[in-house]
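Residue numbers (the working numbering): 40 to 305.
No residue lacks a Cβ here, since even glycine has one placed at the ideal position from N, Cα and C.
Please read these numbers as outputs of a predicted model, since none were measured by experiment.
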Amino acid sequence: MESKDISSEKKLNKLHQGQWLISTIANNAPETAIKYGLGLEITDFAVAAILDKDLSDKICQFQEILTKINCPSILHATYMEITPAAIDPAVLRLTYSRYLQAYQIARKLGINRIVYHTGYTPQIYHRCWMKERAIEFWLDFIDQLAPDVEILWENVLEQDPYLQLEICQAINDSRFRACLDLGHANSVNSSYSLTEWISALAPCLSHVHLHDNNGLQDSHLDLGKGSIDLEAILDHLFSLCPGISVTLEVPEPELSLRWLGDAGYI
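#1: Count the other CB atoms within 10 Å of the CB of residue 7; is the residue buried (16 or more) or exposed (fewer)?
#2: Among residues of its own chain, excluding the 5 on either side of residue 271, which ones have a beta-carbon nearer than 8 Å to its beta-carbon?
#3: Of all the options 65, 80, 67, which has the alpha carbon lying nearest to the alpha carbon of residue 58?
#4: Rounded to whole angstroms, how far is the Cβ of residue 294 from the Cβ of residue 261, which I believe are closer than 8 Å?
#5: Using DSSP with H/G/I as helix, E/B as strand and the rest coil, what is residue 130?
#6: Mapping the DSSP letters down to three states, classify residue 286 as helix, strand or coil.
#7: Name, in chain order, the residues that DSSP records as bridge partners for residue 155.
#8: How many angstroms separate the CA atom of residue 202 from the CA atom of residue 195?
#9: List the endpoints of the continuous beta strand (DSSP E) containing residue 214.
#10: For residue 302, which of helix, strand or coil comes out of DSSP?
#11: Residue range of the beta strand (DSSP E) that residue 60 falls in?
#12: Enumerate in chain order the residues of its own chain whose CB-to-CB distance from residue 199 is below 6 Å, with the five nearest sequence positions on each side excluded.
#13: Using three-state DSSP, classify residue 76 as helix, strand or coil.
#14: Let me check understanding here. Comparing Cα to Cα, which of 242, 282, 291, 204 lies closest to residue 264?
#15: Whose CA, out of 71, 95, 116, lies closest to the CA of residue 87?
#16: State whether the region 207-219 contacts the region 237-249, with contact taken as three or more CB pairs (one from each stretch) at a distance under 8 Å.
#17: Work out the CA separation of residue 206 and residue 124 for me, nearest whole Å.
#18: To the nearest angstrom, how far is the alpha carbon of residue 96 from that of residue 146?
#19: Quick one, which of 75, 180, 152, 224 has its alpha-carbon nearest residue 132's?
#20: Would you check if the distance between the CB atom of residue 283 and the CB atom of residue 225 is smaller than 8 Å?
#21: Got a sec? Which residues, its chain only, sit under 8 Å from residue 43 by beta carbon, not counting five neighbours each side?
#22: Use the C-beta contact count for residue 163: other C-beta atoms within 10 angstroms, 16 or more gives buried, fewer gives exposed.
#23: State the Cα-Cα distance for the pair residue 254 and residue 221, rounded to the nearest angstrom.
#24: Quick one, are the C-beta atoms of residue 177 and residue 150 less than 8 Å apart?
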């Protein structure tokens, strides 16, 4: 990064100088991404309420924004009330349709990386059922995709990293990789530390969502505003997964960028 108000040359001594993105959950995300030369993770098409409307204007809007961003960007797919583990066949069909819609939007935007939630609710779906259905669903789904597409499969309510890992390993396709949301893992009463999550998922990990919280709820705080030991976590992450991409899912990205600069990560 070139902006001197965030980092200085003497701080560029960490293990990772890789790809950073900003989520459009922040209102000023496009402007901030352009200002600092970062990628975007576009969440605007994750809002289920708009998906049956004419999206052409919104797609054109982001096509124009992306012409000003030189870094690779990511699309975040919708996730509300859909899951590959659905028992109701109608819900399963809707899941497939919405996931395919996200893929088609990504292609129109020239984006080849798409985040999908796992859709696992442990209070509803037995672990073995989820594993079996997810493998069946995704093997069929990725068979429809272009060879340059990468699915980034994000944890939400999982209390350990191993179901996600086992499914990724069973699918065994370079287009299907794990996305670790550190804030989610920190706020689900997991008996595993964040370093254990990272170590477990490292063989299939391609992307990370980064935000802070106090371990009680998924509050998406800016970095340094919660209780996560961010430096220890990031050092461990970048030692195991050099070159990994990281999205800041925070309300005020410049505050988090300043924290990253002060800590020597950018």
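So, to answer that:
#1: Lying before the first or after the last residue shown, residue 7 is absent from the chain, which here runs from 40 to 305.
#2: Locating residue 271 in the sequence shown gives position 232, where the first residue counts as 1. A distance below 8 Å between beta-carbons, with the five flanking residues on each side excluded, links residue 271 to the following residues of its chain, in chain order: 234.
#3: To locate residue 58, count along the sequence shown from 1; it is residue 19. Residue 58 has its Cα closest to that of 80, out of 65, 80, 67.
#4: Translated into the one-based positions of the sequence shown, residue 294 becomes position 255. Translated into the one-based positions of the sequence shown, residue 261 becomes position 222. Their Cβ separation, rounded to whole angstroms, is 4 Å, which keeps residue 294 and residue 261 in contact under 8 Å.
#5: In the sequence shown, counting from the first residue as 1, residue 130 sits at position 91. In this structure, residue 130 counts as helix in the three-state DSSP scheme.
#6: Within the sequence shown, residue 286 is the residue found at index 247, counting from 1. Strand.
#7: Numbered from its first residue, the sequence shown carries residue 155 at position 116. 192, per the DSSP bridge assignment.
#8: Mapped onto the sequence shown, residue 202 falls at position 163. Mapped onto the sequence shown, residue 195 falls at position 156. If you draw a straight line from the Cα of residue 202 to the Cα of residue 195, it is about 12 Å long.
#9: On the sequence shown, residue 214 is found 175 positions in, with the first residue counted as 1. For residue 214, there is no enclosing beta strand (DSSP E), as DSSP marks it with neither H nor E.
#10: The residue labelled residue 302 in the question sits at position 263 within the sequence shown. Looking at residue 302 - three-state DSSP - the assignment turns out to be helix.
#11: Taking the sequence shown and counting its residues from 1, the one referred to as residue 60 is at position 21. Residue 60: member of the beta strand (DSSP E) spanning 59-62, first to last residue.
#12: Within the sequence shown, residue 199 is the residue found at index 160, counting from 1. Excluding sequence positions up to five before and after residue 199, its CB lies within less than 6 Å of the CB of 231, all in the same chain and listed in chain order.
#13: Position 37 of the sequence shown holds residue 76. Residue state, collapsed to three classes: coil.
#14: For the purposes of this step, residue 264 is identified with residue 225 of the sequence shown, where counting begins at 1. Checked all of 242, 282, 291, 204; the closest Cα to residue 264 is 291.
#15: Your numbering for residue 87 matches position 48 in the sequence shown. Taking each of 71, 95, 116 in turn and checking the Cα distance to residue 87, the smallest one comes out for 116.
#16: Contact annotation: the region 207-219 touches the region 237-249, with at least three C-beta pairs closer than 8 Å.
#17: Start at 1 with the first residue of the sequence shown, and residue 124 comes out as number 85. Start at 1 with the first residue of the sequence shown, and residue 206 comes out as number 167. Their backbone Cα atoms lie some 13 Å apart in a straight line.
#18: For the purposes of this step, residue 96 is taken as the residue at position 57 of the sequence shown. For the purposes of this step, residue 146 is taken as the residue at position 107 of the sequence shown. So the two alpha carbons sit approximately 16 Å from each other.
#19: What you label residue 132 is simply residue 93 of the sequence shown in a count that begins at 1. Residue 132 has its Cα closest to that of 180, out of 75, 180, 152, 224.
#20: Within the sequence shown, residue 283 is the residue found at index 244, counting from 1. Within the sequence shown, residue 225 is the residue found at index 186, counting from 1. No, Cβ-Cβ distance for residue 283 and residue 225 is not below 8 Å.
#21: Position 4 of the sequence shown, counted from the first residue, corresponds to residue 43. Its pLDDT being 44, under 50, residue 43 is placed unreliably by the model, and the measurement read from it follows with that caveat. Sequence-distant partners of residue 43 (beyond 5 residues in either direction) whose C-beta falls short of 8 Å from its own C-beta are missing from its chain.
#22: Against the sequence shown, residue 163 aligns to sequence position 124. By the 10 Å Cβ count, residue 163 comes out exposed.
#23: Position 215 of the sequence shown, counted from the first residue, corresponds to residue 254. Position 182 of the sequence shown, counted from the first residue, corresponds to residue 221. Cα to Cα, the separation comes out at about 11 Å.
#24: As a first step, residue 177 is located in the sequence shown; it is residue number 138 there, counting from the start. As a first step, residue 150 is located in the sequence shown; it is residue number 111 there, counting from the start. Using a Cβ distance threshold of 8 Å, residue 177 and residue 150 do not count as a contacting pair.
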